[in-house]
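Read in order, the letters of the sequence shown are residues 51 to 118 in the working numbering. The structure appears right after this line, and notes come after that.
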Amino acid sequence: MFKFENLYRWCDDYGGGIVIAESITEAQEKVARYLDEERDPNKLIIWPCHLDDYYDEENPDVLDIYGG
């Protein structure tokens, strides 16, 4: 079952996205596996979606990942 608490944002020097995980540790592991060998998993920044600058409490089902 989907829970909003399981959504995390991530970014590195090249870009970023969203990962679904049970914890921030699991999110880090998943994104590190996803990255190609040219990207450094030690430069990952990961945070819960509800703490994102673009999170809108009144519209939690709409995720603005580009900051429009």
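Beta carbons are placed, not taken as given, at the ideal position from N, Cα and C, and that holds for glycine. Given the structure is predicted, the values throughout are model-derived calculations rather than measurements.
Can you give me the start and stop residues for the beta strand (DSSP E) that residue i sits inside?
i          : result
residue 84 : No beta strand (DSSP E) contains residue 84, which is instead part of the alpha helix (DSSP H) from 74-84.
residue 65 : That residue, residue 65, is in no beta strand (DSSP E); it is neither H nor E in DSSP.
Could you tell me the distance, in whole angstroms, from the CA atom of residue i to the CA atom of residue j?
i          : j          : result
residue 85 : residue 92 : 11 Å
residue 71 : residue 88 : 24 Å
residue 78 : residue 94 : 8 Å
residue 83 : residue 75 : 13 Å
Does residue i come out as helix, strand or coil in the three-state DSSP assignment?
i          : result
residue 57 : strand
residue 98 : strand
residue 92 : helix
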